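Trainee: First the structure, then my questions, so here it is.
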Ligand code: PHE
Ligand code: ZN
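In UniProt numbering, the protein residues as written are 1 to 882.
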């Protein structure tokens, strides 16, 4: 056990800072054994602070303080006090200059927070509280300061020295070192500070903003990666243009830099004018990068760029407000991706992710509202709830206000709060003020955790030609039963010939009711009834169109109604969801049969639906591929109480093999029809064709015919791009063609061993293999030279991929859980953030059948018993054992 429990920090305890820092002047001397940091802070008392303490407390950890100077006078040791987490200066005047000299060792920093080394370079990661590992500071986002940064380093080893803002001066010293001085003209909190030093090369381009400013754009990488920067650069230019057109946001400096680093805890970071990216989120070229990764690069480049306004110009008052910048920015990047590609496909992918991963978080022990009320370690709250559910809340506001008023609201928000550190409440208020809409009940989405359940039932009355929908909402969380949410429920009523005109009883007749076939119902009470008049036939309701709210919908559709929606609904999301829900019913039948020891029969309607999807050439290929994918094992586990992972896996595999065998000819036809001859492009049409072709390959390989094997091997050998290559490799790895599999794996490694990101895909396809014996292979992979426990991408590729591999991770002997516990214990000492993140799957023990749950708890208890638990791991383990 950890000897002291970390302190819990509460939103309700927020107080304005006692001091402000007007100017922050930093000086770094980077040397192999030790880095010296000198800071010069121009500080004053905050006139808004009510406390009048004489002393000054600065955050700081993991460094060695050499000297402190107050207004030019060196302080004696009795004038200040240093402990593990802070520096206290006993007495300071109202306005003063504080100088500190500290020593740090970036080369030993494996937490990848603060200043650290990645390969041959130095880089920083300061969000959320990493700056305090660089120097003593008021490391909180509501302390905003003007920064200048001077970096001194050996010129040969570190020719490139970067920080935020503009390069204002530079020079060389006689000892072979050189220096560069950077000045950022915008006030910013310390979490947006960045520094990079290394032997880097760059590609350069430029963008002219809407008011005619020329911006130099550079992407810095190691020389070997220069050929993988184009896609990110094009994505950046598209993002800059889109933000001007869609949100009226113009870039505000003449320089914008991106740097790629190999060791990074997250995807990327929006430091002012110096975005730092995980290599996996910026590098791309057809030979090494899959379609999905191309799309991820575009989305993340956009996301970080958009933060320049939603995050940097207007930032968060405190970390409880994290969703203010993240929810809004995820919403913005999702809109951007929708405009660049297929809106429906993007929506389906996002909803699928939210329903699987975020709903599980909401149902687990770490459930929290998008604006949490307390935390021990803020790093644990960079969650799908804060990010993806946060984006859904912004999406609902946009939907409730409509396009124009939402834009008015966002303009007002940026104008009112430019240069400030604000709250989620400020965001909602701006939306309200600009639109005149009342969002008081809507605000509950910010403070209440849990996934609302919407139980809807319908009744048609032939005599009165009315259709009534009864809507009941409920929501259970571990902590409480929340008050009713304001849920926008988009809906339509479908008749034989299409959507029916909607006239709601008691509502004003809509002036353009002639084509009023979709309505957004305001669900605000625990139970409500909506009656539609002049409905000439018994309709099938199309509900939660476009997934208009992050809720779990329950409507007792018959299987024939789902078939009808799948082919008739004009809403693409609902068409996909009808197919998913039919898949859910089909799988539930088979799971029950398996558990009862009976024969598993596949729902014939599902087969005929798939047959139709494969035969209709007019359908969107990406959508067909998505609809041909059965609900995932994780999704099934999330909707079944006390989930039985083995039963889910066996039922789903049996269904897939049956589909594969029955529709072999159609899959073969789809495979051939979608094999492209043109050179690779990561565009919508090609991505759609590849995704359908590779879905077909996946099914064909499930039948394990010689013909399928030949096709798969030919694809593997002839592939000109990583999407096709990986699809073939993955099909082989999960097949029983042992010899061909081993040969392909060896060949692949041989060919790509010098490309770290490709090797990571090779690791993860093996760790994700659902066949028996994978855990032993995973252990062997961890001893392979390609593996490195200090590199988060590699850990995610092996350990992360294994925990997502449900049948193997949840093996009934508990070996998967024990393995994960071992890795967490190792990582706890090296990189607490990654350790805590990897814990996720173990914490959800309550969702699984009793035998599994008991073994999962046992593994958690073993972690809990460790002595040196980091705050990160302690918080997650202790909360999940409660
Ligand atoms: N703020 C980053 C983003 O979402 C994520 C991040 C958080 C990166 C913390 C590093 C550390 O864009
Ligand atoms: Zn972000």
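Glycine included, every Cβ here is placed at the ideal spot set by N, Cα and C.
Values in this document were obtained by computation on a predicted structure and should not be read as measured data.
Using the rule of at least 16 other Cβ atoms within 10 Å of the residue's Cβ for burial, across every protein chain shown, is residue 750 buried or exposed?
Mentor: Exposed, by the Cβ-count rule.
Trainee: Within its chain, find whatever has a CB closer than 8 Å to the CB of residue 176; leave out the 5 residues flanking it on each side and keep chain order.
Mentor: 154, 155 and 156
Trainee: Does the stretch 447-464 come into contact with the stretch 336-348, if we say contact requires no fewer than three beta-carbon pairs (one atom in each stretch) closer than 8 Å?
Mentor: no
Trainee: Is there at least one non-hydrogen atom of the ligand PHE closer than 7 Å to the beta-carbon of residue 388?
Mentor: no
Trainee: Would you say residue 533 and residue 505 are within 8 Å of each other, going by their C-beta atoms?
Mentor: yes
Trainee: Mind checking which residues open and close the beta strand (DSSP E) that includes residue 23?
Mentor: For residue 23, the uninterrupted beta strand (DSSP E) segment begins and ends at 19-30.
Trainee: Who sits around the ligand ZN, taking every residue whose Cβ is closer than 6 Å to one of its heavy atoms?
Mentor: 303, 307, 326 and 329
Trainee: Look at the alpha carbon of residue 756 and the alpha carbon of residue 699, and state the distance between them as a whole number of angstroms.
Mentor: Taken atom to atom, the span from the alpha-carbon of residue 756 to that of residue 699 is near 30 Å.
Trainee: Tell me the DSSP bridge mates of residue 476?
Mentor: Beta-bridge partners of residue 476 (DSSP): none assigned.
Trainee: May I ask you to report which of helix, strand or coil DSSP gives residue 653?
Mentor: helix
Trainee: DSSP on residue 622, reduced to helix/strand/coil?
Mentor: helix
Trainee: For residue 604, report the span of its alpha helix (DSSP H) as first-last.
Mentor: 604-615
Trainee: So residue 23 and residue 137 are supposed to be a Cβ contact under 8 Å. How far apart are they, rounded?
Mentor: Rounded to whole angstroms, the Cβ separation of residue 23 and residue 137 is 13 Å, and the two are not in contact under 8 Å.
Trainee: For residue 631, name the three-state secondary structure that DSSP assigns.
Mentor: Coil, per DSSP.
Trainee: So if DSSP puts residue 161 in a beta bridge, which residue, or which two residues, is it bridged to?
Mentor: DSSP, once it has assigned bridges, lists 197 as partnering residue 161.
Trainee: Answer yes or no: do residue 862 and residue 821 have a C-beta to C-beta separation smaller than 8 Å?
Mentor: yes
Trainee: Compute every distance between the C-beta of residue 305 and the non-hydrogen atoms of the ligand PHE, then say whether any falls below 7 Å.
Mentor: For residue 305, the distance from the CB to the nearest heavy atom of the ligand PHE is not below 7 Å.
Trainee: Taking the alpha carbon of residue 885 as the point to measure from, which residue in 99, 541 and 654 has its own alpha carbon closest?
Mentor: In the structure as shown, the chain starts at 1 and stops at 882, and residue 885 therefore has no counterpart that could be examined.
Trainee: Distance, Cα to Cα, residue 543 vs residue 489?
Mentor: Cα to Cα, the separation comes out at about 7 Å.
Trainee: With a threshold of 7 Å (Cβ to nearest heavy atom), would residue 382 be considered close to the ligand GTP?
Mentor: In the structure shown, the ligand GTP is absent; the only ligands present are the ligand PHE and the ligand ZN.
Trainee: For residue 855, does the three-state DSSP call read helix, strand or coil?
Mentor: helix
Trainee: Near residue 35, which residues of its chain fall below 6 Å by C-beta distance, leaving aside the five closest residues on each side in sequence?
Mentor: 104 and 106
Trainee: Mind checking which residues open and close the alpha helix (DSSP H) that includes residue 410?
Mentor: 403-417
Trainee: By how many angstroms is the C-alpha of residue 436 removed from the C-alpha of residue 884?
Mentor: With the chain represented from 1 up to 882, any question about residue 884 goes unanswered, as that position is not in the structure.
Trainee: Start and end of the beta strand (DSSP E) containing residue 688?
Mentor: Per DSSP, residue 688 belongs to no beta strand (DSSP E); it is in the alpha helix (DSSP H), 684-702.
Trainee: What number of angstroms, rounded off, separates the C-alpha of residue 323 from the C-alpha of residue 548?
Mentor: 19 Å
Trainee: To which residues of the same chain is residue 583 closer than 7 Å at the C-beta, ignoring the five residues directly before and after it?
Mentor: Contacts found: 606, 630 and 631.
Trainee: Per DSSP, which residues does residue 182 bridge with? Please list them.
Mentor: In the DSSP output, where bridge partners are listed per residue, residue 182 has 149 and 167.
Trainee: Give a yes or no on whether the C-beta atoms belonging to residue 731 and residue 697 are separated by under 8 Å.
Mentor: yes
Trainee: Since residue 826 is in the alpha helix (DSSP H), which residue starts that stretch and which ends it?
Mentor: 815-830
Trainee: How would you write the range of the beta strand (DSSP E) that residue 281 sits in, first residue to last?
Mentor: Counting along the chain, residue 281 falls outside any beta strand (DSSP E), and DSSP gives it neither H nor E.
Trainee: Pick out whichever of 125, 559 and 687 has its Cα sitting closest to the Cα of residue 622.
Mentor: 687
Trainee: Which residue comes first and which comes last in the alpha helix (DSSP H) that contains residue 272?
Mentor: Counting along the chain, residue 272 falls outside any alpha helix (DSSP H), and DSSP gives it neither H nor E.
Trainee: Please go through the same chain and pick out, in chain order, the residues whose beta-carbon is closer than 6 Å to the beta-carbon of residue 470, but skip the five residues on each side of it.
Mentor: 457 and 529
Trainee: Are the stretch 114-129 and the stretch 180-187 touching by the rule of at least three beta carbon pairs closer than 8 Å?
Mentor: no
Trainee: Looking at C-alpha atoms only, which residue of 245, 702, 804 and 301 is the closest neighbour of residue 271?
Mentor: That would be 301, whose Cα lies nearest to the Cα of residue 271.
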